[in-house]
Amino acid sequence: MSDEMKTIKAGPYTLVARFIDNGHRGVLWANGEKIVDICRVTLDEVWRALCDALYERQISSAAARLDEPTAVEIAKVFVRIAHQLTAGHKAMLRAHLNASDRKITATQLAKAAGYANYSAANLQYGLLGAMLFAELPIDLPRRKDGSPVMTCTIALGDDSHAREEQWIWKMRTYVAEGLVASGIL
16 MSDEMKTIKA
26 GPYTLVARFI
36 DNGHRGVLWA
46 NGEKIVDICR
56 VTLDEVWRAL
66 CDALYERQIS
76 SAAARLDEPT
86 AVEIAKVFVR
96 IAHQLTAGHK
106 AMLRAHLNAS
116 DRKITATQLA
126 KAAGYANYSA
136 ANLQYGLLGA
146 MLFAELPIDL
156 PRRKDGSPVM
166 TCTIALGDDS
176 HAREEQWIWK
186 MRTYVAEGLV
196 ASGIL
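Structure, rendered in structure tokens:
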């Protein structure tokens, strides 16, 4: 991305922000249709407004869903995003899938992926969760600041008795089944 233009694809959405006609404009596209058109003073303001608009659409979509995604749905998502997955993402997914009762700590995820510490694993698993969320939004728990815990797209965490690096993440059943069905590992 250049300083004059930002763009990203997130599931069926494409966000484009740029300087045009003596102003900063942004458009949120969905399947070729213009959903949101924004004008702001700076490119960063346009980008933040586009990201907020996308997030609100995804949250609305998740709230409208009355059940969990199916293994078939998530398998299709894994196939669609397979080209974006790093070796570390795949190593963590493989370790989590093969862990006893599909429970694992961030420290164990870090070790499986060859990361220096649990913070790197938390960051990368959260980014992976965000990729899944972009394709198939679900209702997610939120931190105290209101931001969603993207890792919960993949797994549910139990932090009631442990330090952050020792949280126990249990892979969601439909994620495990979909991961196996996708054949990406």
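Residue 16 is where the sequence shown starts when you use this note's numbering, and the numbers rise one by one after that. Glycine included, each C-beta is placed from N, C-alpha and C at the ideal position.
Per DSSP, cross-strand counterpart(s) of residue i
{"i": "LEU30", "result": "ILE23, LEU43"}
{"i": "CYS54", "result": "ARG40"}
{"i": "ILE4", "result": "Missing from the structure shown is residue 4; the chain here goes from 16 to 200 and no further."}
{"i": "LEU112", "result": "Per DSSP, none; premise fails for LEU112."}
{"i": "ALA170", "result": "MET186"}
{"i": "ILE35", "result": "GLY38"}
{"i": "ARG157", "result": "PRO163"}
{"i": "GLU60", "result": "Its beta-bridge partners do not exist; DSSP assigns none."}
{"i": "LYS49", "result": "TRP44"}
Residue i vs residue j beta-carbon contact at 8 Å
{"i": "VAL87", "j": "LEU147", "result": "no"}
{"i": "LEU43", "j": "ILE50", "result": "yes"}
{"i": "LEU194", "j": "LEU112", "result": "yes"}
{"i": "GLN123", "j": "ALA110", "result": "yes"}
{"i": "ILE169", "j": "ARG80", "result": "no"}
{"i": "ARG117", "j": "ALA196", "result": "no"}
{"i": "GLN181", "j": "THR101", "result": "no"}
{"i": "ALA45", "j": "TYR70", "result": "no"}
{"i": "GLU19", "j": "ARG33", "result": "yes"}
Same chain, Cβ closer than 7 Å to residue i, five either side skipped, listed in chain order
{"i": "ILE53", "result": "ARG40, GLY41, VAL61, ALA64, LEU65"}
{"i": "TYR189", "result": "GLU83, PRO84, THR85, ALA86, ILE89"}
{"i": "LEU151", "result": "PRO84, GLU88, ILE89, VAL92"}
{"i": "ASN132", "result": "ALA125"}
{"i": "ALA78", "result": "ASP154"}
{"i": "ARG187", "result": "ILE169, ALA170, LEU171"}
{"i": "ALA135", "result": "ALA125"}
{"i": "THR57", "result": "HIS39"}
The ligand ZN heavy atom lying under 7 Å from the CB of residue i
{"i": "VAL195", "result": "As for the ligand ZN, it is missing from this structure, which has no ligand bound."}
Beta-carbon proximity list for residue i, same chain, < 8 Å, skipping 5 on both sides
{"i": "ARG158", "result": "VAL164"}
{"i": "ILE204", "result": "With the chain running from 16 to 200 in the structure shown, residue 204 is simply not present."}
{"i": "ALA68", "result": "LEU43, ILE50, VAL51, ILE53"}
Close Cβ partners of residue i (< 6 Å) along its chain, the five nearest in sequence each way excluded
{"i": "ASP173", "result": "ILE183"}
{"i": "VAL31", "result": "THR22, VAL42"}
{"i": "PRO156", "result": "VAL164, CYS167"}
{"i": "GLY26", "result": "ALA149, GLU150"}
{"i": "LYS24", "result": "none"}
{"i": "GLY198", "result": "none"}
{"i": "GLN73", "result": "PRO152"}
{"i": "MET16", "result": "Low confidence applies to MET16: its pLDDT is 46, below 50, so where it sits in the model is not reliable, and the reading given next is rough at best. For MET16, where only same-chain residues beyond five positions count, there are no Cβ hits under 6 Å."}
{"i": "GLY144", "result": "MET165, THR166, THR168, ILE169"}
Contact with chain D by residue i, beta-carbon distance below 8 Å
{"i": "THR22", "result": "The question asks about chain D, but that chain is absent: this structure has only one protein chain."}
Mind the definition here: the segment 127 to 146 touches the segment 106 to 119 only if three or more C-beta pairs lie below 8 Å; say whether that holds. yes
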